[in-house]
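Here's the structure we're looking at; comments come further down.
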Amino acid sequence: MKRWSQFFIPTLKESPADAEIASHRLLVRAGLVRRLGGGLYTYLPLGLRAVHKITQLCREEMDGAGAIELWMPHLHPAELWAQGPRWAAAREIMFRADSAGDGRRPGREPEVVLGPTHEEIITPLVKAEISSYRDLPKNFYQIATKFRNEIRPRYGLMRAREFIMMDAYSFDTGDEGAVKSYFAMKEAYARFFRRLGVQAIAVEADTGVMGGSFSHEFMVPAEIGDDDVIYNEASGYAANREKATSALVPADLADAAPAGAVEKFATPGVTTIAQLAAEPHGVPAEQQFKTLVYIGDGRPFLVLLRGCDELEEAKLGALGFTLFRPATPEEIVPVLGARPGSLGAVKGTLRDPSALAGVFADHAIRLIGNGTTGANEDGFHLRHVNVARDLAITRFGDFRRVRPGEPDPRSGQPLQVRRGIEVGHIFKLGTKYSEKFGAVFTDDQKQTHPMVMGCYGIGISRALQAVIEQSHDADGIRWPWNCAPFQVLVCVLDPQLPEAMELAERLGTAAERAGADVLIDDRAERPGVKFKDADLIGIPLRLTIGGKGLKEGVIELKWRHAKDVVKLPLAEAEARVAAAVGEARAAAA
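Per our numbering, the sequence shown starts with residue 3, numbered consecutively.
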């Protein structure tokens with residue numbers, strides 16, 4: 003039991019100027035955090051209590067799923083990362099941690115880096131300690147600070163440079179066991195978020211720089227979310243924008259027959275899809291082939307889309323390039339023969355087709371059949387281009403961005419979209435890391451095999467803010483029971499009255515014995531200030547003791563999420579408070 007006058011809860015009347023969203027404003031106004039610098043925050047006592055609550059919930063679910071807690075260094079030798087499979091891509095978002103002394107300048111290459119995750123640390127550890135199938139499976143986790151060099155930190159804890167994360171790593175003898183470990187974690191995540199008191203949706207996700215065969219994100223629906231969730235409630239399909247697919251192209255779609263010979267025509271000054279769609283040419287965007295040029299691991303490659311579609315760049319990760327980026331005009335002309343705006347992939351029109359690493363076409367261009375594309379000659383295009391006959395396609399794939407209203411791949415019904423905050427991610431990594439680091443085991447036939455891995459993350463600090471974003475109103479935070487820094491607030495309007503403080507202690511003790519954490523507001527403040535602060539910090543259950551109520555023989559009970567105030571007779575107050583706490587705990591279990 004804490005007393006407000008002896009605790010530290012520096013609430014603010016005004017929102018900070020740099021806070022763009024409600025949860026960020028409330029984090030600061032309710033005295034949970036204070037900004038140190040871009041993406042850096044100090045957790046004040048109230049915020050730290052909430053972090054501890056969330057951390058404990060996470061720890062209980064991880065332990066319950068059979069994971070084993072350990073602790074790994076934040077400082078990582080850069081050479082370990084260089085040995086791994088993602089150094090070239092991951093280093094762009096990492097901090098180096100070399101000497102800050104005047105007498106030693108850091109070298110061009112970092113010696114030590116701050117860890118954003120720990121695959122490169124846990125895999126060599128397991129390699130050194132586990133060598134037999136008898137010691138597998140294993141799942142290790144930690145709850146610790148991570149670091150990410152965000153170029154533009156924003157939204158408070160949502161996109162910070164330093165953050166708290168649970169990261170876990172599973173090691174199995176085969177794919178079947180790895181899948182079992184993966185779905186055990188998926189179920190543990192679902193239990194954690196349910197107990198946390200937030201709605202979190204598991205959606206199919208891109209594996210990104212982490213790699214692996216498949217993954218799921220856990221998204222908290224919110225208008226200010228950092229990603230789109232594409233879903234259909236009836237079928238249960240849900241995926242993030244980077245992974246989402248649709249049934250736009252029928253599985254039994256036949257290739258269109260050629261509509262005539264390819265015809266070249268002049269298009270002076272036409273360099274965009276919209277310009278070609280306008281008069282005098284009047285070629286609808288859905289009948290145009292869009293040709294994009296990228297550089298993958300040093301070699302150019304082409305991506306073909308319909309003119310009306312947008313590229314979902316993350317889907318290019320399926321092509322297997324370690325690094326890829328858009329090509330510059332200077333890199334395009336020597337290969338295709340023209341500048342952007344007149345590009346195409348028609349056979350015989352590319353200046354140096356041998357330079358290409360491939361031509362990759364989105365499935366949806368088959369809906370065009372016969373269309374228009376650039377002639378690889380500035381100021382000219384080609385019409386009557388047939389997909390099957392004329393385009394030099396290496397392979398088809400899914401590269402376009404799905405739009406709302408397209409058919410759900412499971413049911414055929416329209417897809418919907420909503421924004422979401424990513425609060426967790428799980429990956430089935432396979433042997434990507436174990437092969438790189440030589441993490442192998444010996445089976446019962448004395449044969450060696452690479453361990454099959456999975457990795458799992460929950461953003462603890464991100465989850466804290468996601469709770470607030472999903473659970474607030476115009477007056478402040480509305481904490482779910484299990485993660486509230488305190489669950490019961492005893493608001494004493496006349497703390498100078500000994501009988502009022504004595505009753506506050508009795509009610510607080512009754513609530514504590516029933517399983518609640520209690521804060522007594524014993525400040526010498528006006529009732530209006532106390533009630534505003536109570537709503538702002540959002541403690542679930544408020545008990546109000548005032549001199550007038552004591553004369554009437556009652557106290558007031560109010561839930562933060564409700565409007566009604568219940569008056570309790572003093573003789574029943576302790577029992578009724580204990581019962582209310584018991585009901586809240588049962589509902590949140």
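For every residue, glycine included, the Cβ atom is placed at its ideal position computed from N, Cα and C.
* N-terminal and C-terminal residue of the alpha helix (DSSP H) that valine 53 is part of -> What you label residue 53 is simply residue 51 of the sequence shown in a count that begins at 1. DSSP places valine 53 inside the alpha helix (DSSP H), whose first and last residues are 47 to 66.
* **Residue from Gly510, Thr273, Ser248 with nearest C-alpha to arginine 403** => Working through the sequence shown from its first residue, we reach residue 403 at position 401. Looking from the CA of arginine 403, the closest CA among Gly510, Thr273, Ser248 belongs to Ser248.
* For glutamate 265, write down the residues that DSSP places opposite it in a beta bridge. => On the sequence shown, position 263 is the one that residue 265 refers to. Per DSSP, the beta bridge partners of glutamate 265 are Arg385.
* Is it buried or exposed for phenylalanine 267, if we count other Cβ within 10 angstroms and need 16 for buried? -> Locating residue 267 in the sequence shown gives position 265, counting from the first residue. Sixteen is the threshold: since fewer than 16 other Cβ atoms of the shown chains lie within 10 Å of the Cβ of phenylalanine 267, the residue is exposed.
* To do: Taking methionine 167 as part of the beta strand (DSSP E), name the residues at either end of that continuous run.
  => Sequence index remark: in the sequence shown, residue 167 carries index 165 (1-based). Methionine 167 -> beta strand (DSSP E) spans 164 to 174.
* Asked: Taking DSSP as the reference, what is the three-state secondary structure of arginine 578?
  -> For this step, residue 578 is matched to residue 576 along the sequence shown. Reduced to three states, the DSSP call for arginine 578 is helix.
* Buried or exposed: where does arginine 31 fall if 16 or more other Cβ atoms within 10 Å of its Cβ makes it buried? -> Counting from 1 along the sequence shown, the entry for residue 31 is found at position 29. It counts as buried.
* Ordered along the chain, which non-local residues of its own chain (more than five positions away) have a Cβ less than 7 Å from that of threonine 293? -> Numbered from 1 along the sequence shown, position 291 holds the residue referred to as residue 293. A distance below 7 Å between beta-carbons, with the five flanking residues on each side excluded, links threonine 293 to the following residues of its chain, in chain order: Leu304, Leu306, Leu345, Gly346, Ala347, Thr375, Gly376.
* Asked: When the Cα of methionine 473 is compared with those of Thr175, Glu225, Phe291, which residue comes out closest?
  -> Taking the first residue of the sequence shown as position 1, residue 473 is located at position 471. Residue identity differs from the one stated: residue 473 is serine in this sequence, not methionine. When each option's Cα is compared against that of serine 473, the closest is Glu225.
* To do: Please report the residue range of the alpha helix (DSSP H) in which valine 469 lies.
  => In the sequence shown, the residue the question calls residue 469 occupies position 467. Looking at the DSSP string, the run of the alpha helix (DSSP H) that includes valine 469 is 462 to 472.
* Tell me aspartate 230's beta-bridge partners as DSSP assigns them. => What you label residue 230 is simply residue 228 of the sequence shown in a count that begins at 1. Its beta-bridge partners are Arg421.
* **Which listed residue (Ala580, Asp535, Ser463, Val231) has its alpha carbon closest to that of proline 406** => Mapped onto the sequence shown, residue 406 falls at position 404. It is Val231.
* **Close-in-space but distant-in-sequence residues of the same chain around glycine 309 (CB under 6 Å, 5 per side omitted)** => Here residue 309 refers to the residue found at position 307 when the sequence shown is read from its first residue. Within the same chain, glycine 309 has close Cβ partners Ile275, Ala287, Gln290, Lys292.
* **With 16 other Cβ atoms within 10 Å as the buried cut-off, status of glutamate 314** => Counting from one through the sequence shown, the residue named residue 314 turns up at place 312. With at least 16 other beta carbons inside 10 angstroms of its own, glutamate 314 counts as buried.
* Asked: Beta-carbon separation of valine 579 and lysine 569 under 8 Å?
  -> In the sequence shown, residue 579 corresponds to position 577, counting from 1. In the sequence shown, residue 569 corresponds to position 567, counting from 1. When the beta-carbon positions are compared, valine 579 and lysine 569 stay at least 8 Å from each other.
* Got a sec? Which residues, its chain only, sit under 8 Å from tyrosine 143 by beta carbon, not counting five neighbours each side? -> Taking the first residue of the sequence shown as position 1, residue 143 is located at position 141. Within the same chain, Cβ atoms closer than 8 Å to the Cβ of tyrosine 143 are found at Met64, Ala69, Ile70, Glu71, Leu72, Met168, Asp169, Ala170, Tyr171, Tyr458, the five residues on either side in sequence being excluded.
* To do: List the endpoints of the continuous alpha helix (DSSP H) containing proline 126.
  => Residue 126 sits at position 124 when you count from the first residue of the sequence shown. First-last of the alpha helix (DSSP H) with proline 126: 121 to 131.
* Paired residues, beta bridge with threonine 351 - DSSP -> Against the sequence shown, residue 351 aligns to sequence position 349. For threonine 351, no pairing in a beta bridge is given by DSSP.
* Span separating the alpha-carbon of serine 133 from that of lysine 534 -> As a first step, residue 133 is located in the sequence shown; it is residue number 131 there, counting from the start. As a first step, residue 534 is located in the sequence shown; it is residue number 532 there, counting from the start. Whole-angstrom Cα-Cα distance: 60 Å.
* Asked: Under a three-way DSSP split, which group does alanine 204 fall into?
  -> What you label residue 204 is simply residue 202 of the sequence shown in a count that begins at 1. In the three-state reduction of the DSSP assignment, alanine 204 falls in the strand class.
* Three or more C-beta pairs closer than 8 Å, one from the segment 250 to 266 and one from the segment 386 to 404: is that the case here? -> With a cut-off of 8 Å, the segment 386 to 404 and the segment 250 to 266 count as touching, because enough Cβ pairs lie within range.
* To do: Provide the residue span of the beta strand (DSSP E) that contains serine 217, from first to last.
  => By 1-based counting over the sequence shown, the position of residue 217 is 215. Start and end: 216 to 223.
* Output the boundary residues of the alpha helix (DSSP H) element that contains lysine 560. => For this step, residue 560 is matched to residue 558 along the sequence shown. Note, lysine 560: premise wrong, no alpha helix (DSSP H); beta strand (DSSP E) at 556 to 561.
* Return the chain-ordered list of same chain residues with a C-beta closer than 6 Å to the C-beta of methionine 212, the five sequence neighbours on each side being excluded. => For the purposes of this step, residue 212 is identified with residue 210 of the sequence shown, where counting begins at 1. Confidence in methionine 212 is poor, its pLDDT being 48 and thus under 50, which makes the residue's placement unreliable; the coordinate value appears in the next sentence. Excluding the 5 residues flanking it on each side, methionine 212 has same chain C-beta neighbours closer than 6 Å at Phe429, in chain order.
* Asked: If we call anything under 8 Å between Cβ atoms a contact, is tryptophan 481 one with proline 542?
  -> For the purposes of this step, residue 481 is taken as the residue at position 479 of the sequence shown. For the purposes of this step, residue 542 is taken as the residue at position 540 of the sequence shown. With contacts defined as CB atoms closer than 8 Å, tryptophan 481 and proline 542 qualify as a contacting pair.
* Asked: Would you report the Cα separation of alanine 589 and glutamine 85, rounded to the nearest angstrom?
  -> Within the sequence shown, the letter at position 587 stands for residue 589. Within the sequence shown, the letter at position 83 stands for residue 85. Near 49 Å, if we compare the C-alpha coordinates of glutamine 85 and alanine 589.
* Asked: Where do the ends of the alpha helix (DSSP H) carrying alanine 512 lie?
  -> For the purposes of this step, residue 512 is identified with residue 510 of the sequence shown, where counting begins at 1. In this chain, the alpha helix (DSSP H) harbouring alanine 512 covers 500 to 515.
* To do: Give the range of the beta strand (DSSP E) segment to which proline 79 is assigned.
  => Looking up residue 79 in the sequence shown gives position 77. Here the beta strand (DSSP E) through proline 79 covers 77 to 79.
* Straight-line gap, proline 155 to glutamate 514 (C-alpha atoms, nearest Å) -> Working through the sequence shown from its first residue, we reach residue 155 at position 153. Working through the sequence shown from its first residue, we reach residue 514 at position 512. Spanning the two alpha carbons is a distance of roughly 39 Å.
* Asked: Of all the beta strand (DSSP E) runs that stay within the bounds of the segment 132 to 158, which reach a length of 3 or more residues?
  -> Whole beta strand (DSSP E) segments, 3+ residues: 140 to 149.
* **For proline 355 and glutamate 379, the rounded distance between their alpha carbons** => Within the sequence shown, residue 379 is the residue found at index 377, counting from 1. Within the sequence shown, residue 355 is the residue found at index 353, counting from 1. Per the coordinates, the alpha-carbon of glutamate 379 lies some 15 Å from the alpha-carbon of proline 355.
* Are the Cβ atoms of proline 79 and leucine 250 separated by less than 8 Å? -> For the purposes of this step, residue 79 is taken as the residue at position 77 of the sequence shown. For the purposes of this step, residue 250 is taken as the residue at position 248 of the sequence shown. It is not a contact, given that the beta carbons lie outside the stated cut-off.
* Proximity winner among Leu38, Val205, Val494, Pro342, relative to lysine 1 (alpha-carbon distances) -> Since the first residue shown for the chain is 3 and the last is 591, residue 1 is missing from the structure and cannot be characterised.
* When DSSP builds the beta bridges, which residues end up paired with lysine 430? -> Here residue 430 corresponds to residue number 428 of the sequence shown, with the count starting at 1. BP columns for lysine 430 point to Phe216, Gly456.
* Asked: Where does phenylalanine 439 fall in DSSP's three states?
  -> Walking along the sequence shown from the start, residue 439 turns up at place 437. Looking at phenylalanine 439 - three-state DSSP - the assignment turns out to be helix.
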